[in-house]
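Below you'll find the structure, written out as structure tokens, and then a few comments.
Below is the structure:
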């Protein structure tokens with residue numbers, strides 16, 4: 001194994017104060033406590049609706065993994081993106097595994113994938129102890145009594161299986177339901193119909209609404225609403241299970257005007273975060289990345305053809321020798337993928353700076 005010399009640090013001292021927090025994972029109470037103790041980041045008002053940097057030399061880096069375990073994922077995403085938009089050159093938002101893996105929902109919750117027989121979907125290759133989707137559905141059927149795996153097969157159960165057995169966040173489905181209910185309640189109290197989605201204040205959030213919100217999070221604006229409005233136009237063909245009609249009808253109608261019909265007002269929150277985030281950033285003499293950087297990984301750039309699998313042989317990649325070149329290369333594929341996903345291929349996000357100015 002070849003051991004590489006670490007990147008050289010800049011000889012210039014950093015004249016900036018950089019605040020850093022990472023892996024909040026939806027715990028908004030924890031994040032609020034962190035903000036209360038920060039010298040660089042603060043809320044702009046008592047309602048805690050927006051963040052700001054506290055002085056001219058303050059910088060902020062969020063290290064990735066915004067959502068999942070807590071009940072404040074949507075709100076945290078909105079706060080972080082708002083701060084990035086307000087200070088684009090002084091705020092870096094990094095992507096973590098819990099952020100990027102939500103892009104799976106755009107394919108695995110799509111009609112074509114939901115139409116696949118549950119027994120054809122394998123267990124995650126990285127966890128040999130995880131149950132298959134069929135095994136999960138059999139457990140659900142046994143708990144319901146008198147049901148079958150086929151009768152329990154629906155978008156909600158597939159999403160539960162993904163959260164519990166492939167994404168490492170078994171409480172996320174119910175956490176999302178609780179947050180959507182809270183947002184709906186706030187919308188009702190303030191007279192904002194953005195908390196709609198088929199009920200008044202205090203109305204329960206259905207399984208179908210949780211699925212719809214999860215998919216909407218990662219779909220860009222108009223593409224999201226058009227996709228969901230048209231994709232489920234033939235429910236009997238596209239969605240397996242006894243809940244197909246209900247899911248189809250909700251999605252087909254709810255997203256015709258997404259900003260009004262989703263519980264809360266944060267449709268596309270994860271999509272917005274990913275549009276403003278990067279894989280790595282450098283402020284001053286410090287490199288920021290979500291995962292570990294060591295002698296083997298520093299400077300390594302995977303090829304664009306790299307697949308997430310257990311390959312029989314090492315996949316293609318290359319090495320670079322400078323920090324700036326490495327950060328450029330790591331952020332490049334992410335930007336290309338984002339452009340492909342944005343509606344019309346338009347990317348209006350400014351490039352992310354590598355160092356303080």
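In UniProt numbering, the protein residues as written are 1 to 357. C-beta: ideal position from N, C-alpha, C; glycine also.
Taking residue 180 as reference, the option from 328, 15, 74 with the minimal CA-CA separation is 74. Bounds of the alpha helix (DSSP H) holding residue 111 are 111 to 114. Residue 86 and residue 52 do touch by the CB rule: their CB atoms are close to 7 angstroms apart, below 8 angstroms.
Going by DSSP, residue 280 is part of the beta strand (DSSP E) stretching over 280 to 283. In this structure residue 308 is exposed. Its beta-carbon is surrounded by fewer than 16 other beta-carbon atoms within 10 angstroms. Counting only residues of its own chain and dropping the five nearest sequence neighbours on each side, residue 269 has a CB closer than 7 angstroms to the CB of 74, 77, 78, 217. Inter-segment contact for the segment 53 to 65 and the segment 282 to 297 is present: three or more beta-carbon pairs are separated by less than 8 angstroms.
Beta-bridge pairing by DSSP links residue 60 to 19, 91. Each of 313, 304, 314, 300 was checked against the Cα of residue 326, and the nearest Cα belongs to 300.
The beta-carbon separation of residue 177 and residue 215, rounded to 15 angstroms, does not stay under the 8 angstroms limit for a contact. Residue 93 places its beta carbon 9 angstroms or farther from that of residue 103. Taking all protein chains in view, the Cβ of residue 290 is crowded by 16 or more other Cβ atoms within 10 Å, so the residue is classified as buried. Residue burial annotation: residue 331 is buried, with at least 16 other C-beta atoms found within 10 angstroms of its C-beta. A contact is defined here as three or more CB-CB pairs under 8 angstroms, and the segment 150 to 167 meets this definition with respect to the segment 126 to 140. DSSP places residue 288 within a strand segment (E or B) once states are collapsed to three. Under the DSSP assignment, residue 270 falls in the alpha helix (DSSP H) whose first and last residues are 269 to 276. In the three-state reduction of the DSSP assignment, residue 162 falls in the helix class, which pools H, G and I.
Comparing alpha-carbon positions, the option among 96, 41, 110 lying closest to residue 20 turns out to be 41.
Residue 79: member of the alpha helix (DSSP H) spanning 73 to 86, first to last residue. Taking the C-beta atoms as reference points, residue 83 is found nearer than 9 angstroms to residue 50. Between residue 210 and residue 137, the CB-CB gap reaches or exceeds 9 angstroms.
Within its own chain, the residues whose Cβ lies closer than 7 angstroms to the Cβ of residue 118, once the five positions on either side in sequence are excluded, are 133, 134, 137, 149, 153, listed in chain order. With a threshold of 16 other beta carbon atoms within 10 Å, residue 161 meets it and is buried.
Given a length threshold of 3 residues, each whole run of the beta strand (DSSP E) inside the segment 20 to 44 is given here in chain order: 41 to 43. Assigned with DSSP and collapsed to three states, residue 53 falls in strand. As the crow flies, the alpha-carbon of residue 319 is around 30 angstroms from that of residue 66. For the pair residue 106 and residue 219, the CB atoms are nearer than the 9 angstroms cut-off.
Here residue 313 is exposed, its C-beta having fewer than 16 other C-beta atoms within 10 Å. The beta carbon of residue 44 is closer than 8 angstroms to those of 50, 51, 52 in its chain, skipping five residues each way along the sequence. Remark: C-beta atoms of residue 155 and residue 109 approach each other more closely than 9 angstroms.
With contacts defined by Cβ atoms closer than 9 angstroms, residue 95 and residue 277 form a contacting pair. Cα atoms of residue 125 and residue 101: separation of roughly 15 angstroms, rounded to the nearest angstrom.
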